[in-house]
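Undergrad:
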Amino acid sequence: MFSNFKPTWMVDAIYKVTPAQLRELGIKAVLTDLDNTLIAWNNPDGTEELLVWIEEMRNAGLPVIVVSNNKDSRIKRAVEVFELDYVARAMKPLTKGFKEAQKKLNLKPEEMVMVGDQIMTDIRGANAAGIRNILVRPIVDTDGWNTRINRFFERIIMKHLAKKHPEMKWKGGLE
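In the UniProt record's numbering, the protein residues as written are 1 to 175.
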């Protein structure tokens with residue numbers, strides 16, 4: 001019933017995903033959510049850890065594209081310092097934003113991975129687009145008002161998924 005919400009992997013943080021792990025899985029690009037995945041929703045500056053991770057991806061030739069439901073001006077302001085490409089108004093969980101990113105990258109769905117902190121939007125949308133995905137813990141425990149509603153339903157869905165799939169556990173990387 002909730003299989004379209006099931007993440008491919010569950011990793012503590014985006015920073016724990018390495019280029020070597022991605023290459024081993026045939027992944028050539030990373031799509032990522034913005035708020036509470038890449039940066040804290042209420043702190044657009046990011047962390048030193050994030051800067052190092054982006055540089056590692058760049059050095060490995062793995063493009064990173066932000067796929068966010070936010071408006072263009074919000075994303076641009078947040079990612080321009082990181083020099084990342086992005087898709088605004090992605091309309092997740094619909095596949096529109098994923099297809100737009102796929103077109104920019106000229107890759108097949110199986111050559112990309114989506115990283116996000118919400119099963120209702122990031123994971124469900126990636127599954128609908130045929131893209132493997134990584135659920136990460138939110139960077140901060142607080143959310144914007146619109147995300148709080150999703151978190152309520154997420155807890156119910158995650159509880160159901162955990163019962164049906166006991167292998168669903170938080171890990172320190174892609175294993």
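By construction, the Cβ of each residue, glycine as well, lies at the ideal position given by its N, Cα and C atoms.
To the nearest angstrom, report how far apart Leu-51 and Val-17 are at their CA atoms.
TA: Sequence index remark: in the sequence shown, residue 51 carries index 51 (1-based). Sequence index remark: in the sequence shown, residue 17 carries index 17 (1-based). Their backbone Cα atoms lie some 14 angstroms apart in a straight line.
Undergrad: Which residue's Cα is closest to the Cα of Gly-61: Val-30, Met-120, Met-91 and Ser-73?
TA: What you label residue 61 is simply residue 61 of the sequence shown in a count that begins at 1. Out of Val-30, Met-120, Met-91 and Ser-73, Val-30 has the C-alpha closest to the C-alpha of Gly-61.
Undergrad: For Arg-23, name the three-state secondary structure that DSSP assigns.
TA: As a working mapping, residue 23 is identified with position 23 in the sequence shown. Arg-23: helix per DSSP, three-state reduction.
Undergrad: Go to Gly-116, then tell me how far its alpha helix (DSSP H) extends in each direction, as first and last residue.
TA: As a first step, residue 116 must be located in the sequence shown, where it is residue number 116. Taken as a continuous stretch (DSSP letters only), Gly-116 belongs to no alpha helix (DSSP H), being part of the beta strand (DSSP E) at 112-116.
Undergrad: Between which two residues does the alpha helix (DSSP H) containing Ile-119 stretch?
TA: Residue numbering aside, residue 119 sits at position 119 when the sequence shown is read from its first letter. Careful: Ile-119 lies outside any alpha helix (DSSP H) and carries neither H nor E.
Undergrad: Pairing CB atoms from the stretch 31-38 with CB atoms from the stretch 107-117, are three or more of them under 8 angstroms?
TA: yes
Undergrad: Fully enclosed by the stretch 38-86, which alpha helix (DSSP H) runs are 4 residues long or longer?
TA: 48-59 and 72-79
Undergrad: Could you tell me which residues DSSP puts in a beta bridge with Trp-9?
TA: Locating residue 9 in the sequence shown gives position 9, counting from the first residue. Trp-9 is bridged to Ile-134.
Undergrad: Taking Cβ positions only, does Gln-21 come closer than 7 angstroms to chain D?
TA: Judged by its chain identifiers, the structure shown contains no chain D, having just a single protein chain.
Undergrad: For a test of the three-state rule: what should DSSP assign to Ala-90, helix, strand or coil?
TA: Along the sequence shown, read from residue 1 onward, the residue named residue 90 stands at position 90. Of the three classes helix, strand and coil, the one that applies to Ala-90 here is coil, per DSSP.
Undergrad: Measuring CA to CA, which of Asn-4, Tyr-15, Val-67 and Thr-8 is closest to Arg-132?
TA: Your numbering for residue 132 matches position 132 in the sequence shown. Nearest C-alpha to Arg-132: Thr-8.
Undergrad: Which partner residues does Val-17 have in the DSSP bridge list?
TA: Translated into the one-based positions of the sequence shown, residue 17 becomes position 17. Bridge partners of Val-17: none, in fact.
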